[in-house]
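Participant:
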Amino acid sequence: MHAGRATRLVATGLGMLLVFDASRMVHAGEGMSPGATRSLVLAVGRPLDRITSVTGLDGVTRTLAAAFGHEVGAGGSSQLSADDRTALPPRTVTGAGTPQPGGTGSSGTTTPRLRVPSAAEPLRLLVTGDSLSDGLGPMLASASAGTIHADTDTRSGTGLVRPDFFDWAGHAREQIANRDPEAIVVALGGNDGQAITMPDGSVLRTGSPEWRAEYRRRAVAILRIWSDGGRRRVYWISLPPTREPTLNDYFRQLGEITADAVREVPGARFVNIDDRLSKNGEYSSYLTDDHGRTVLARTRDGVHLTLDGARIAANILIKAVNADWHIPS
6 MHAGRATRLV
16 ATGLGMLLVF
26 DASRMVHAGE
36 GMSPGATRSL
46 VLAVGRPLDR
56 ITSVTGLDGV
66 TRTLAAAFGH
76 EVGAGGSSQL
86 SADDRTALPP
96 RTVTGAGTPQ
106 PGGTGSSGTT
116 TPRLRVPSAA
126 EPLRLLVTGD
136 SLSDGLGPML
146 ASASAGTIHA
156 DTDTRSGTGL
166 VRPDFFDWAG
176 HAREQIANRD
186 PEAIVVALGG
196 NDGQAITMPD
206 GSVLRTGSPE
216 WRAEYRRRAV
226 AILRIWSDGG
236 RRRVYWISLP
246 PTREPTLNDY
256 FRQLGEITAD
266 AVREVPGARF
276 VNIDDRLSKN
286 GEYSSYLTDD
296 HGRTVLARTR
306 DGVHLTLDGA
316 RIAANILIKA
326 VNADWHIPS
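Counting in my numbering, the sequence shown runs from 6 upward without gaps.
Below you can see the structure in the form of structure tokens.
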């Protein structure tokens, strides 16, 4: 394509994004540190947001998002609550698949004793989260020699920061009710390096102590839904180092927050994959796999895992799952 035409197409696309999703531009600007960039973003975004709201143009974004599976409410969704244990589906009895009483969880509370999965009755595992969870399910099933049935539910572009865009609390309840997993692997947070808007309209700046506390509260809330008092096991994996320094810093903070959050929830565990998905803690596209081969482990964006990278992560997760379920080799 001719350079001039390509430039016009890009400019048109960005212009449409500003018009139809101006509220997100304002949201991003309000979460920025004081300075010229913040002032410029808000000076452009706020008038556009008012215009699109009055004219109804902001509804186009919600319609398109809903068409692609994102649950967007015109008035936003309720904020996640760390004390919200309501609306959990009733406990079902499924014979050999039902854990029996016994054992103590990481939070010090009693958790059900787990059955031993087999090829005849594989572990019902749900792999879920944002796009960082994509590819983990097939690798886990492959590494388990048929003793794990992995069901993948990836919701790209979502996170805990924007429940008005996608309500993970409500979706987690649907997952438990409709899929009835025995264990859940979670890879979430890749899109959460942005400010949090509270119900009263106040904005928590990304990385601030208030932001960290609120993110932890939301993580605990959704972990409680998935765990259901320890009846199910939840494995929340870390976000490995990224090529881009600012995003890498957000990932590090999110890892610290979620690692702390799982301590409060029976049946939940934080699985750190950073050591194997990095070189001495630093980002690297190429890594050594479990067979001693050098493989391309990260995609071109410097964030996501390739199939070889997902295989490395899956082998770490298998060990964590085996520590609880004692799956036969």
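Each residue gets a CB set at the ideal place from its N, CA and C atoms; glycine is no exception.
By DSSP's criteria, H154 is part of a beta bridge. Which residues make up the other side?
Facilitator: DSSP, once it has assigned bridges, lists R129 as partnering H154.
Participant: Quick one: what does DSSP say R3 is sitting in, helix, strand or coil?
Facilitator: Lying before the first or after the last residue shown, residue 3 is absent from the chain, which here runs from 6 to 334.
Participant: Straight-line CA distance for R268 to A11?
Facilitator: So the alpha carbons of these two residues sit roughly 51 Å apart.
Participant: Within 6 Å: the Cβ of G206 and any heavy atom of the ligand SAH?
Facilitator: Because no ligand of any kind appears in the structure shown, any question about the ligand SAH cannot be addressed here.
Participant: How is A302 classed by DSSP in three states: helix, strand or coil?
Facilitator: Three-state DSSP puts A302 in coil, outside helix and strand.
Participant: Taking the alpha-carbon positions, what's the T97 to V270 distance?
Facilitator: Residue placement at T97 is poorly supported in this model, since its pLDDT is 36, which falls under 50; the coordinates are not used for a value here.
Participant: List the endpoints of the continuous beta strand (DSSP E) containing I189.
Facilitator: A188 to A192 is the extent of the beta strand (DSSP E) around I189.
Participant: Let me know if N196 comes out buried or exposed under the rule of 16 or more other beta-carbons within 10 Å of its beta-carbon.
Facilitator: Counting Cβ neighbours within 10 Å, N196 comes out buried, since at least 16 surround it.
Participant: Taking 8 Å as the limit between beta carbons, can you name the residues of its chain near N327, skipping five residues before and five after?
Facilitator: Within the same chain, N327 has no close Cβ partners at all.
Participant: Count the other CB atoms within 10 Å of the CB of L244; is the residue buried (16 or more) or exposed (fewer)?
Facilitator: Looking at its Cβ environment, which holds 16 or more other Cβ atoms inside 10 Å, L244 is buried.
Participant: Should T99 be labelled buried (16 or more other beta-carbon atoms within 10 Å of its own) or exposed?
Facilitator: Residue placement at T99 cannot be trusted, given a pLDDT of 35 that sits under 50; what the coordinates show is reported in the next sentence. T99 should be labelled exposed.
Participant: With 16 as the cutoff for other CB atoms within 10 Å, does P127 come out buried or exposed?
Facilitator: P127 should be labelled buried.
Participant: Rounded to the nearest angstrom, what separates R298 and Y240 at their Cα positions?
Facilitator: Distance between the alpha carbons of R298 and Y240 is about 27 Å.
Participant: Determine the burial state of I56: buried for a count of at least 16 other Cβ atoms within 10 Å of its Cβ, exposed for fewer.
Facilitator: Looking at its Cβ environment, which holds fewer than 16 other Cβ atoms inside 10 Å, I56 is exposed.
Participant: Using 8 Å as the cut-off, can you tell me whether the region 276-287 makes contact with the region 214-226, which would need three or more C-beta pairs spanning the two stretches below that distance?
Facilitator: With the cut-off at 8 Å, the region 276-287 and the region 214-226 do not touch.
Participant: Rounded to a whole number of angstroms, what is the C-alpha to C-alpha distance between G314 and D172?
Facilitator: Rounded to whole angstroms, G314 to D172 spans 29 Å at the Cα level.
Participant: May I have the straight-line CA-CA distance separating D233 from R221, to the nearest angstrom?
Facilitator: Approximately 18 Å, taken between the alpha carbons.
Participant: So R237 and A188 are supposed to be a Cβ contact under 8 Å. How far apart are they, rounded?
Facilitator: Contact flag correct, Cβ pair sits at about 6 Å.
Participant: Mind checking whether L141 and A319 have CB atoms under 7 Å apart?
Facilitator: Yes.
Participant: Over what stretch of residues does the beta strand (DSSP E) that includes I332 continue unbroken?
Facilitator: I332 -> no beta strand (DSSP E), and no H or E assigned at all.
Participant: Do you know whose CA, among L165, F170 and D139, lies nearest T157's CA?
Facilitator: Of L165, F170 and D139, the residue nearest in Cα terms is D139.
Participant: Enumerated in chain order, which unbroken segments of the beta strand (DSSP E) with a length of 3 residues or greater are wholly contained in the region 198-274?
Facilitator: You should have 238-242.
Participant: Ignore the nearest five residues each way along the sequence and tell me which others in A27's own chain have a CB closer than 6 Å to its CB.
Facilitator: Taken in chain order, the residues that qualify are G50, L53, D54 and T57.
Participant: Is L165 helix, strand or coil when you go by DSSP?
Facilitator: Here L165 sits in coil by DSSP.
Participant: Specify whether the region 202-216 and the region 144-164 touch according to this definition: at least 3 beta carbon pairs, one from each stretch, less than 8 Å apart.
Facilitator: Counting Cβ pairs under 8 Å, fewer than three are found: no touch.
Participant: Do I242 and A192 have their beta-carbon atoms positioned less than 7 Å apart in this structure?
Facilitator: The answer is yes: Cβ separation under 7 Å.
Participant: Could you give the residue range of the beta strand (DSSP E) that holds L292?
Facilitator: L292 -> beta strand (DSSP E) spans Y291 to T293.
Participant: Which residue's Cα is closest to the Cα of S136: T311, S290 and I323?
Facilitator: Checked all of T311, S290 and I323; the closest Cα to S136 is T311.
Participant: Is the CB-CB distance between A155 and L130 below 7 Å?
Facilitator: The answer is yes: Cβ separation under 7 Å.
Participant: Applying the 10 Å Cβ sphere with the 16-neighbour rule, what's the burial state of Y255?
Facilitator: Per the 10 Å Cβ criterion, buried.
Participant: First and last residue of the alpha helix (DSSP H) that includes N183?
Facilitator: From DSSP, the alpha helix (DSSP H) with N183 extends over W173 to R184.
Participant: In angstroms with no decimal places, state the Cα-to-Cα distance between R167 and A150.
Facilitator: In a straight line, the C-alpha of R167 is about 38 Å away from that of A150.
Participant: Span of the alpha helix (DSSP H) holding R51?
Facilitator: R51 -> alpha helix (DSSP H) spans A41 to T60.
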